[in-house]
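Take 637 as the starting number for the sequence shown in the numbering used here and just add one per residue. For each residue, glycine too, the CB sits at the ideal point set by N, CA and C.
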Amino acid sequence: MLRLWSNSPVAVVCFLCVLTDCLTGCTSTSVEPYTGSPTRSEVIYVIAGGWHTELGLPIQIINGPLAALKPGFPNGLWCK
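Shown next as structure tokens:
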């Protein structure tokens, strides 16, 4: 008869780890709901171009480093 448990302490440790994981894996932790910034209403277009994907952004929402693109489109409503 094979005495796996007495001859292999590694098997006992593995069994106890699996048993502990099974017993604690069914518990749940409560998570607070997301309270981040409200949803935005701007439209952004995603354009599939084969190997490349482009974004179409309304000029009025572009800020930060991308604002340097605005002078290149003085009459534009969208920047692609």
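According to the DSSP assignment, Val682 belongs to the beta strand (DSSP E) that extends over 681-685. Listed in chain order, the non-local C-beta contacts of Leu713 below 8 Å within the same chain comprise Pro694, Ile695, local neighbours out to five positions each way being set aside.
Per DSSP, Glu678 lies in no beta strand (DSSP E) and is assigned neither H nor E. In this structure, Val679 sits away from Leu691, with a CB-CB distance that is not shorter than 8 Å. When secondary structure is reduced to three states using DSSP, Pro694 falls in the strand class. Distance between Leu652 and Cys715, taken at the CA atoms: about 59 Å.
Separation of Lys706 and Thr656 (C-alpha to C-alpha, rounded to the nearest whole angstrom) is 59 Å. The alpha-carbon of Val667 is positioned some 35 Å away from that of Pro701.
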